[in-house]
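Visitor: The structure's right below; bear with me while I get my questions together.
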Amino acid sequence: MFTGIVEELGEITEVASDRLSIRGPLVVGDARHGDSIAVNGVCLTVTTVVDDVFTVDVMGETFLRTALSRLQPGDRVNLERAATLNTRLGGHLVQGHVDGVGEILKREPSGEWETVTFALPEGASRYIVHKGSITVDGVSLTVVNVSDTQFSVGLIPTTLAMTTLGHKQIGDPVHLEMDVIAKHVERLLEARFETGSTS
1 MFTGIVEELG
11 EITEVASDRL
21 SIRGPLVVGD
31 ARHGDSIAVN
41 GVCLTVTTVV
51 DDVFTVDVMG
61 ETFLRTALSR
71 LQPGDRVNLE
81 RAATLNTRLG
91 GHLVQGHVDG
101 VGEILKREPS
111 GEWETVTFAL
121 PEGASRYIVH
131 KGSITVDGVS
141 LTVVNVSDTQ
151 FSVGLIPTTL
161 AMTTLGHKQI
171 GDPVHLEMDV
181 IAKHVERLLE
191 ARFETGSTS
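So this is what it looks like as structure tokens:
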């Protein structure tokens with residue numbers, strides 16, 4: 001479990017068919033084999049740590065369903081260690097399970113702030129509400145507007161400076177994780193209607 005508060009901008013050092021190696025001096029400070037670290041919002045398991053670089057195994061399914069396969073050495077990535085029981089919940093509950101890949105459609109600067117609009121995968125809008133939470137590349141954000149095909153968020157200077165969202169361009173892919181509570185509510189309601197229960 002994560003909170004969507006990025007701790008560090010890491011750097012990809014190696015991309016292989018089944019693993020990634022990432023430089024992240026802060027997050028590897030207490031990292032051990034088996035620990036979870038979110039990489040651009042994807043929960044991955046640490047296999048090795050050497051100096052300030054950690055390596056994670058990546059299944060073919062994960063490469064297929066995310067944009068991790070597009071990463072190249074030198075690319076920056078958002079990093080967050082798994083939350084602990086004494087972690088401040090500055091964002092919202094994030095699982096690190098990507099629901100789909102979106103795309104940046106528009107960037108609109110407004111002073112120090114910026115409004116960014118993203119394309120949504122088909123069917124994803126039902127989990128998004130105005131002023132609700134969404135995770136974009138592992139960053140917990142508040143929805144400004146949403147339609148059937150897109151949504152927008154406002155990025156403050158800190159987010160622009162300390163995450164990859166400040167550097168991505170129109171057309172770039174992003175990982176999207178919808179609010180887990182919305183997904184659970186939908187599943188519970190589906191089960192209720194399937195059985196015809198009214199209690």
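In terms of full-length UniProt numbering, the sequence shown has 128 at position 128, counting the first letter as 1, and numbering is strictly consecutive. No residue lacks a Cβ here, since even glycine has one placed at the ideal position from N, Cα and C.
1) Taking the beta carbon of residue 38 as the centre, do at least 16 other beta carbons fall within 10 Å, making it buried, or is it exposed?
2) Whose C-beta lies closer than 8 Å to the C-beta of residue 57 among residues of the same chain, with five residues either side of it excluded?
3) Going by the DSSP bridge assignment, what does residue 8 pair with across the sheet?
4) When the Cα atoms are used, what is the spatial distance from residue 167 to residue 160?
5) Measure the alpha-carbon distance for residue 124 versus residue 132 and round it to whole angstroms.
6) Which same chain residues end up closer than 7 Å to residue 91 when comparing Cβ atoms and leaving out the 5 residues on each side of it in sequence?
7) Under DSSP, the beta strand (DSSP E) around residue 119 begins and ends at which residues?
8) Compare the Cα-Cα distances from residue 178 to each of 126, 164, 149 and report the closest residue.
9) Bridge partners of residue 142, per DSSP?
Guide: According to the structure shown:
1) Residue environment for residue 38: buried (at least 16 other C-beta atoms within 10 angstroms of its C-beta).
2) Excluding sequence neighbours, residue 57 sits near 18, 19, 44, 45, 47.
3) Per DSSP, 79.
4) The straight-line gap from Cα to Cα measures roughly 7 Å.
5) Our two residues, residue 124 and residue 132, have alpha carbons roughly 14 Å apart in a direct line.
6) In chain order, 3, 4, 5, 140 place their CB closer than 7 Å to the CB of residue 91, counting only its own chain and leaving out the 5 sequence neighbours on each side.
7) Taken as a continuous stretch (DSSP letters only), the beta strand (DSSP E) holding residue 119 covers 113-119.
8) Ranked by Cα distance from residue 178, the first of 126, 164, 149 is 126.
9) DSSP output for residue 142 lists 133 as bridge partner(s).
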